[in-house]
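A.B. asks:
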Amino acid sequence: MSGPNTPGGGSGSTGPGSGSEASETLGGFGAIKALVENEERIESLYKRRMSSFDDAGGIGRGPYRAGNSVPLIMTTESFAAQGRYIIFWAGPKNVAWRFPMRAAQQQTRSGTIHHTWRNGSRSSFFDEPEAVFTFQAGNIMPVRIQQRTETGGSRLHQLADPFLRVSGIDGVSRPAPEVVALPAGLFDFYEFFELLNEEKILPDGRPNFVFIAYSSLVYPEIFLRGFFSPDGISFTEDAQNPAELTWTSTFKVRSTSPPFYNSSQMMAAWRSANTNGASSVLSPATSTGDGAETPGKGG
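Numbering (the numbering used here), first residue to last: 905 to 1203.
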C-alpha cells in the first residue's frame, strides 16, 4: 500500500553493495533502504502480493524456487522527510532500459576516430542510463461492499449479496451499510502525480532526487537515484478496457547502488536477495559447491 508512513531504522543504513563507492552512492538511499529491510512494516503488502503466486503450479517444489516478491518503492528526499513514500500495489508492466556510452565517432579521410571519455564522478564510460517505466494500477473499478458487525468484530461482504441485512437495536432488519473502496492501484496513480509535482530543488539548494527501490529477476536488489524526464506522464483511457490503467514515464538515472557496471557488487546484491535460506550460492566462477573457485568464462 502507499501513503503517509514513517520509515523505521533509517540511521546508519548502508548499500547492498560493498566498499566505499556503494556507501557514497547510497547517501539519501538510507531511508528507502530501511523501508525495504523493515519487513514488518510492509508485511501485509508482501502477503497480498505473494498470495497469487503461492506455489503456483508447484514451482516451489522444483529447482526454480519462487523468491520473495519485493514491491516497487518510490519517494523523494522531501517526501522521505515527511515520512511519505509510495509502495506500489502492482509492479511495473514493463521497464525498458537504455545504457548509452560516453563516446562519439568522427569520420575522417583516414577512417573513423572513436572518442571516449570517463565520467569523473562515477569513474565509468557509461553515460546516465534511462529507464522507461510502464506502470500498471491493476483493476480500478470501484469496489462496493456491505458491512455488518458480528460478535468478534467487523466483517465485510461483497455487494454481490444484495440481500445482506442487519438487525438494529430496535430489532428492525435494515440493509447493511454500504462502503466504497478506492482501488489501491488508482491511489498509487494519484500519488505518483503528486510525487512528480514536488519541488526540484530543496531549501538548502540540493537537488530533490527521486529514489526508487527496484526488484526484478535481472536486478533483484537495486536502488536508483535520479529524476523523471520533462516528458512527464502519459496514459490513455480505453473505452474497451475502462478498468485497466497503465501509464508511462521516463526516469533518468543519476546513480545506482550497487553500481550497475560493477559485476562483483551486482553479484553480491544478487546473492543477498536470492539466498533465501540456501546454505550456499553457486555462480559461474564457483565449482560444484566444495568451496573451490574456478575462473568463469571470460575471465
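We treat Cβ as the ideally placed atom computed from N, Cα and C, and that holds for glycine.
Fair warning: this is a prediction, and the values are worked out from it, not measured in the lab.
If we call anything under 8 angstroms between Cβ atoms a contact, is SER1153 one with PHE1132?
C.D. replies: Against a cut-off of 8 angstroms, the Cβ pair of PHE1132 and SER1153 comes out as a contact.
A.B. asks: As a quick exercise: from SER1014, ALA1007 and GLY1015, pick the residue whose alpha carbon is nearest that of ARG1022.
C.D. replies: The shortest Cα separation from ARG1022 among SER1014, ALA1007 and GLY1015 belongs to ALA1007.
A.B. asks: Could you give the uninterrupted runs of the alpha helix (DSSP H) lying entirely in the region 1131–1187, keeping only those of 4 residues or more?
C.D. replies: The qualifying runs are 1167–1178.
A.B. asks: Name the residue from SER1168, GLY1136, GLY1130 and GLY1042 whose alpha carbon lies nearest to the alpha carbon of ASN1145.
C.D. replies: The candidate whose alpha carbon is nearest that of ASN1145 is GLY1042.
A.B. asks: What does a CB cutoff of less than 7 angstroms around THR1020 pick up in its chain, not counting 5 residues either side in sequence?
C.D. replies: Cβ neighbours of THR1020 beyond the five flanking positions: ARG1006, ALA1007 and PHE1029.
A.B. asks: Shorter than 7 angstroms, the distance from the beta carbon of PRO1004 to the closest heavy atom of the ligand FAD, or not?
C.D. replies: With respect to small molecules bound, the structure shown includes none, and the ligand FAD cannot be examined in it.
A.B. asks: With the cut-off set at 8 angstroms, would you say ALA1085 and ILE1044 are in Cβ contact?
C.D. replies: Cβ distance not < 8 angstroms, so ALA1085 and ILE1044 don't count as in contact.
A.B. asks: Buried or exposed for TYR989, going by 16 or more other Cβ atoms inside 10 Å?
C.D. replies: Result: buried.
A.B. asks: May I ask you to report which of helix, strand or coil DSSP gives SER982?
C.D. replies: It is helical.
A.B. asks: Could you check whether PHE1113 and LEU1149 sit closer than 8 angstroms to each other, using their CB atoms as the reference points?
C.D. replies: Result no, Cβ atoms of LEU1149 and PHE1113 do not sit closer than 8 angstroms.
A.B. asks: Alpha carbon to alpha carbon, how far is ILE1137 from THR979?
C.D. replies: The alpha-carbon atoms of ILE1137 and THR979 are separated by roughly 16 angstroms.
A.B. asks: My guess is that PRO975 and PHE992 are in contact by the Cβ rule of under 8 angstroms, so how many angstroms apart are they, rounded?
C.D. replies: That pair is a contact at about 6 angstroms.
A.B. asks: Candidates ALA994, SER1176 and PHE1037: which alpha carbon is nearest GLU1125's?
C.D. replies: Comparing Cα positions, the closest option is SER1176.
A.B. asks: Is the Cβ-Cβ distance between SER1159 and ARG1110 less than 8 angstroms?
C.D. replies: No, the Cβ-Cβ distance between SER1159 and ARG1110 is not below 8 angstroms.
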